[in-house]
Amino acid sequence: MAESDGFTDFFYASKDGLRLHGRVYGGGNQASLPVVCLPGLTRNVRDFHELALFLSSDAETPRKVVTFDYRGRGASAYDPNWKNYNIVTEADDVLAGLDALGISEAAFIGTSRGGLIIHILAAIRPSVLKSVVFNDIGPVVEAAGLAHIRSYLENAAPAATFAQAEQAQRAIHGADFPALCDDDWKRMVKALYRDEDGRPVADYDPALVNTVIALDLRQALPAMWEQFDALARVPVTVVRGENTRLLSRETVAEMERRHPGMETVGVAGQGHPPMLETGDLPERIARFLAHAGKPTRL
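Going by my numbering, the sequence shown opens with residue 192, and the numbers climb by one from there.
See the structure below:
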């Protein structure tokens, strides 16, 4: 483990022996649940850095915050078999990391793929989920959103500088994210790319793109309503970007019908997925967590 910039890096082994990485922010206290943050398909722990600092340093309720790099992302080892880049295997990896840290229950924040992994956890270890924030994801994933993701991943071109990388991200996502300021775009790029001697490199295994290429978008992905229904007694908030292509209003309405206590937060001027450190989202997430419950074992 190594201390750096408000967090501690930790490494652990998956069931099949891969060396996986995560971060721990803060120490929390026994009266507050730790928070586990799960990123999107090609994303990594850096997506949650600002939010994790905010939650871990809260004056009234400081929390331990844990973020994970899935296999093939960030500082985690790449898997020689790209077919292991799937949400069931990644859910097992998350549980292995929690077991290594001695965390048996937590509040979860899942962005995109991270929210799908939460659905798997609801099926295989529901006791670990004490509250959930879904960031622009639900039990139904829209084909239009997946097609957009596949298009920009398949056509991604290398950038020579971080300025070029920022220009590329603005070209791809600018129409969906008019609310972002210059600092937001710079932060997004720093999260997406690792720095190799000043050159930006997409921080994931290129073979990961095979998982979206392999999808037949003419067929709807299997819905996960049964897994979502397993969260009936768990406090849930859904954050939805105004311009998202992945999470429809119809899906959110059905989620609200099935989970009457669910709160929905709309984010103006952002698409898929909203940046959780922007606007008043950190404060709203902190309030939700504060009211969502305490550890069952103090």
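C-beta: ideal position from N, C-alpha, C; glycine also.
Need the endpoints of the alpha helix (DSSP H) that residue i sits in, please.
| i | result |
| --- | --- |
| TYR203 | Here TYR203 belongs to no alpha helix (DSSP H); instead the beta strand (DSSP E) covers 198 to 204. |
| VAL380 | 373 to 383 |
| PHE419 | 416 to 420 |
| ARG449 | 440 to 449 |
| PHE259 | From DSSP, PHE259 is part of no alpha helix (DSSP H) but of the beta strand (DSSP E) over 256 to 260. |
| ALA243 | 240 to 247 |
Under the three-state reduction of DSSP, which class applies to residue i: helix, strand or coil?
| i | result |
| --- | --- |
| ALA298 | strand |
| SER322 | strand |
| LEU229 | strand |
| VAL400 | helix |
| VAL332 | coil |
| LEU211 | strand |
| TYR343 | helix |
| ALA483 | coil |
| GLU468 | coil |
| ASN317 | According to the sequence shown, residue 317 is Pro rather than Asn. Three-state DSSP puts PRO317 in a helix. |
| ARG488 | With a pLDDT of only 48 at ARG488, under 50, the local geometry of the prediction cannot be trusted, and no value is derived from it. |
| ALA338 | helix |
| GLU387 | strand |
Around the C-beta of residue i, are 16 or more other C-beta atoms found within 10 angstroms, so that it is buried, or is it exposed?
| i | result |
| --- | --- |
| LYS321 | buried |
| ILE404 | exposed |
| LEU211 | buried |
| MET192 | Any reading at MET192 must be qualified, since the residue scores a pLDDT of 44, below 50, and its modelled position is unreliable; the value itself is stated next. It is exposed - the Cβ of MET192 has fewer than 16 other Cβ atoms within 10 Å. |
| LEU467 | buried |
| ALA335 | exposed |
| CYS372 | exposed |
| ALA250 | exposed |
| SER223 | buried |
| ASP386 | exposed |
| ARG488 | Low per-residue confidence applies at ARG488: pLDDT is 48, beneath 50, and the placement is therefore not dependable, though the value from the model is reported in the following sentence. Counting Cβ neighbours within 10 Å, ARG488 comes out exposed, since fewer than 16 surround it. |
| THR352 | exposed |
| GLY293 | exposed |
| ASP388 | exposed |
| PRO465 | buried |
In angstroms with no decimal places, state the Cα-to-Cα distance between residue i and residue j.
| i | j | result |
| --- | --- | --- |
| LEU289 | SER295 | 7 Å |
| ASP260 | GLU333 | 25 Å |
| ASP420 | ALA414 | 12 Å |
| THR469 | VAL236 | 17 Å |
| SER248 | VAL257 | 13 Å |
| SER318 | VAL427 | 15 Å |
| LEU202 | TYR216 | The sequence given here places Phe at residue 202; Leu does not occur at that position. Computed Cα separation, rounded: 14 Å. |
| ALA350 | PRO369 | 23 Å |
| ALA444 | LEU209 | 40 Å |
| ASP200 | GLY265 | 12 Å |
| THR168 | ALA477 | This structure cannot settle anything about residue 168, because the visible part of the chain is limited to 192 through 489. |
| ARG436 | VAL324 | 19 Å |
| ALA411 | ALA204 | 34 Å |
| GLU474 | GLY197 | 19 Å |
| THR302 | ALA356 | 22 Å |
| ASN326 | LEU406 | 22 Å |
| VAL429 | GLU454 | 6 Å |
| VAL185 | ILE300 | The requested residue 185 does not occur in the structure, where the chain is confined to residues 192 to 489. |
At which residues does the beta strand (DSSP E) containing residue i begin and terminate?
| i | result |
| --- | --- |
| GLY365 | GLY365 -> no beta strand (DSSP E), and no H or E assigned at all. |
| ALA427 | Ala is not the amino acid found at residue 427; the sequence shown has Val there. Counting along the chain, the beta strand (DSSP E) containing VAL427 begins and ends at 427 to 432. |
| ALA291 | Segment 278 to 292 is the alpha helix (DSSP H) holding ALA291; no beta strand (DSSP E) there. |
| ALA423 | Premise fails: ALA423 is in no beta strand (DSSP E) and is neither H nor E. |
| ARG390 | 390 to 393 |
| VAL456 | 454 to 458 |
Within 7 Å: the Cβ of residue i and any heavy atom of the ligand PLP?
| i | result |
| --- | --- |
| ASP374 | The model depicted lacks the ligand PLP and carries no ligand whatsoever. |
Please tell me whether residue i has its Cβ less than 8 Å away from any Cβ of chain C.
| i | result |
| --- | --- |
| ASP420 | The displayed structure is made up of one protein chain only, and chain C is not part of it. |
Determine, using beta-carbon pairs with one atom in the region 309 to 320 and one in the region 342 to 354, whether at least three such pairs fall under 8 Å. no
Stretch pair the region 235 to 244 + the region 377 to 385: three plus CB contacts closer than 8 Å: yes
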